[in-house]
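Residue numbering for the sequence shown follows UniProt numbering, beginning at 1 and increasing consecutively.
Every residue, glycine too, gets a C-beta built ideally from N, C-alpha and C.
In this text the structure is predicted, and so the values were computed from the model without any measurement.
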Amino acid sequence: MAYHEHGADQAGAQPRSSTDLFHAPAATASDGSRVDAHWPEINLESGYTTEADGPSNLADYRNTASGATTPRWIYSQCPTPHQPLTSQNPSIVSLPQHKKSVEDAETNQDQHPACDASPARSPGSSRIGIKDRIQHLTWAWFTTTMSTGGLAMVLGQTPHQFTGLRTIGKVVFIFDLVLFATLVSTIVARFILCPRALKASLTDPVEAFFFPAFWLSLSTIIGNTQVYGVPATGPWLVTALRVIFWLYAGGTLLVAVFLYLVLFTTPSVNAKCHADAVAPTWVFPIFPVMLCGTLSALIAPHQPAGHALAMIVAGVSFQGLGWIVSCAVMALYLGRLFHAGPIPRHVRPGMFMMVGPPSFTALALIGNANALPQAHRYFAVMHPGAQDVLVVLATWAAVFLWSLAFWFFCLALLACLMAAPRVRWTPTWWSYVFPNVGFTVATIDVGKELDSEGVLWVASVMTVALVVMWLFVASAQLRAIALKMVLWPGKDEDKDEPQVRESLKA
């Protein structure tokens, strides 16, 4: 304590009385070294001072001047050369720090933005123009078009139609086409302005998982073309959709294989994708190929018998692939919830993604069973009456899956309500819409097969809720753009990519 006392005196502290147990005058040992008369022996090897470290005769130490008794535990509060001090007062010892939760870290991050950005790239800088902001449009922005297209699809299939509703659905579909073309041209401009951003976007632990959103946007466009386009055009569109279906199936199968392979073999992804970081986006790469089942259910009823059966077989096969992979991710995801709690607040709407796999599987089973061509030899000659049996099986399997979707929906809804007071907009907010598109259509199909007007009215209410939620998320997105919360250096999914980090330090 001599070195503490000396430092305090230099700082202008008042001389301490001899009754101060922890700052008593130092004595001189026989070897000439200075020791504190009232300081217990300590184990310098371990760096800890405990009850056992002090001499037993000091257990009930009595200050002769004041008559006060110092209990044994007081020695465990004494600082040692190995313990950090929390202030200039040498008698104050640092206590074990509270382990901050993910939510605490997020709050601190929001309150204290990154300080490594140069003035030219600071959030309030006027030197950042449209060209700079375009370079931060990521694959995640295609969640906008996949949700808009999904809404148009629901409007075209909702059970309680009114005059003009189909026209509204067509308007939403056309708007989706314009928005998709805008996003495609913008992201192409991004890659032209910074060519290495393309590779970075497909290997980044965050943005790469959103690449499937581009393909999901294509799937909604194909589906809406069948719902709104075929009734208003000639047979040429039926043939075109058949070709497009097979091209889409082949492309999404490649995405499901190679995107996962890239993610599995990229060290930066391996370093961040550990057990406590499992996110619903891990299932995203399998989503596009899984929706082949939804597309075959929409397109096959309008195709010739031979082509229809082939499309249905492919659709059910790919739907099964997506469902099995989704089950594996679900197991990891539930384990993560038990071990680390809900996902971070600003991406918590992503919890609705888990509503998608059981919902789309349910509607695909019913839709493909109803689309089976009775005129095909397999059903007309070899297995007469098989279609009726398959429709019944599909319906009850869909009911089975619908309850799982409902459970995930309730879990996500309550978790998002818990995070509502402190949340900022991100593209994952569109998870409020797209997965619930499948949930709504599955409810519609179950209601039709069970001939339940009550279930169909529930589906109509869900459709209205989807429209309201789409308007809410879209308005929040426009607000985020205006307030420079997104499309801004260091604030998007590409913030950890090399070209962005270099621009922030430039």
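With M146 and A213 assumed to form a contact (beta carbons below 8 Å), what rounded beta-carbon distance in angstroms separates them?
-> With a Cβ gap of about 6 Å, M146 and A213 count as contacting.
Are the beta-carbon atoms of I134 and R190 separated by less than 8 Å?
-> Yes. Within cutoff.
Assumed close pair R196, D276 - CB separation to whole angstroms, cut-off 8 Å | The beta carbons of R196 and D276 sit about 31 Å from each other, so the pair does not count as a contact at 8 Å.
Any idea what DSSP makes of A65, helix, strand or coil?
-> Its pLDDT being 45, under 50, A65 is placed unreliably by the model, and nothing is read from it.
Go ahead and label A369 buried or exposed: buried means 16 or more other beta carbons lie within 10 angstroms of its beta carbon, across all protein chains shown.
-> Buried is the call here.
Could you check which residue in L177, T158, T182, A200 has the C-alpha nearest to that of Q499?
-> Answer by Cα proximity: A200.
8 Å contact criterion, which T220 and G150 should meet: CB distance rounded | Indeed, because the Cβ distance is near 5 Å, the residues count as touching under 8 Å.
Compare the beta carbon distance of A371 and A297 with 8 Å and say whether it is the shorter of the two.
-> Result yes, Cβ atoms of A371 and A297 sit closer than 8 Å.
Does the Cβ of F142 have 16 or more other Cβ atoms within 10 Å, making it buried, or fewer, making it exposed?
-> Taking all protein chains in view, the Cβ of F142 is crowded by 16 or more other Cβ atoms within 10 Å, so the residue is classified as buried.
Can you check whether the CB of T294 is closer than 8 Å to the CB of F245?
-> Contact annotation: F245 and T294 have beta-carbon atoms that are not nearer than 8 Å.
To which residues of the same chain is P267 closer than 6 Å at the C-beta, ignoring the five residues directly before and after it?
-> Here the set comprises nothing.
Is there contact between the segment 245–257 and the segment 176–195, where contact requires at least three CB pairs shorter than 8 Å?
-> Contact fails: fewer than three Cβ-Cβ distances are below 8 Å.
With respect to the alpha helix (DSSP H) encompassing L456, which residues constitute its N-terminal and C-terminal limits?
-> Its alpha helix (DSSP H) spans residues 453–482.
Ordered along the chain, which non-local residues of its own chain (more than five positions away) have a Cβ less than 8 Å from that of M469?
-> In chain order, Y432, V433, N436 place their CB closer than 8 Å to the CB of M469, counting only its own chain and leaving out the 5 sequence neighbours on each side.
Would you kindly check if the distance between the Cβ of L241 and the Cβ of V289 is under 8 Å?
-> With respect to the 8 Å criterion, V289 and L241 are not classified as neighbours on the basis of their beta carbons.
Just tell me which of A208, H160, I222, W425 has its CA closest to the CA of A474.
-> Checked all of A208, H160, I222, W425; the closest Cα to A474 is W425.
Spatial neighbours of I312 within its chain, please: CB distance less than 7 Å, with the 5 preceding and 5 following residues excluded, ordered by chain position.
-> Around I312: S296, A300, N368, A371, L372.
Where does K495 fall in DSSP's three states?
-> If DSSP states are grouped into helix, strand and coil, K495 belongs with coil.
With a Cβ-Cβ cutoff of 8 Å, do W282 and V355 count as a contact?
-> No; because the gap between Cβ atoms is not below 8 Å, this pair is not in contact.
On the three-state DSSP scale, how would you describe D204?
-> Correct three-state label for D204: coil.
In terms of residue numbering, what span does the alpha helix (DSSP H) encompassing W141 cover?
-> DSSP places W141 outside any alpha helix (DSSP H), giving it a letter other than H or E.
Quick one: residues in its chain with C-beta nearer than 7 Å to the C-beta of A386, no 5 flanking neighbours on either side, listed in chain order?
-> Within the same chain, A386 has close Cβ partners F379.
Compute the Euclidean distance between the alpha carbons of A482 and L237, then round it to the nearest angstrom.
-> So the two alpha carbons sit approximately 40 Å from each other.
For the segment 331–404, which segments carrying the alpha helix (DSSP H) assignment without a break, of at least 4 residues, lie completely within its bounds, in sequence order?
-> List check, alpha helix (DSSP H) in window: 356–371.
Tell me whether the beta-carbon of A420 lies closer than 8 Å to the beta-carbon of T440.
-> Not closer than 8 Å, so no.
Report yes if the C-beta distance between L365 and G438 is below 8 Å; otherwise report no.
-> No; because the gap between Cβ atoms is not below 8 Å, this pair is not in contact.
Could you give the residue range of the alpha helix (DSSP H) that holds R242?
-> Residue range 236–264 is occupied by the alpha helix (DSSP H) that includes R242.
How big is the Cα-Cα spacing for E449 and M382?
-> Distance between the alpha carbons of E449 and M382 is about 25 Å.
Where does I312 sit, in a helix, a strand or coil, going by DSSP?
-> Reduced to three states, the DSSP call for I312 is helix.
Take V172 and list the residues in its own chain whose beta-carbon comes closer than 7 Å to its own, dropping the five residues that flank it on each side.
-> So the list reads T148, L151, A152, L155, once near-sequence residues are dropped.
Nearest-angstrom Cβ-Cβ length linking G350 and T428, presumed shorter than 8 Å = Separation of the CB atoms of G350 and T428 is rounded to 4 Å, and the pair is thereby assigned contact status at 8 Å.
Cβ-Cβ distance between W488 and H136 below 8 Å = Annotated as proximal: W488 and H136, with beta-carbon spacing under 8 Å.
So what does DSSP say about P489, is it helix, strand or coil?
-> In the three-state DSSP reduction, P489 falls in the coil class, being neither helix nor strand.
Hey, how far is the Cα of T144 from the Cα of I343?
-> The straight-line gap from Cα to Cα measures roughly 21 Å.
Leaving out five residues before and five after F210 in sequence, what residues of the same chain have Cβ atoms less than 6 Å from its Cβ?
-> Excluding residues within five positions, the ones whose Cβ falls inside 6 Å are W139, A140.
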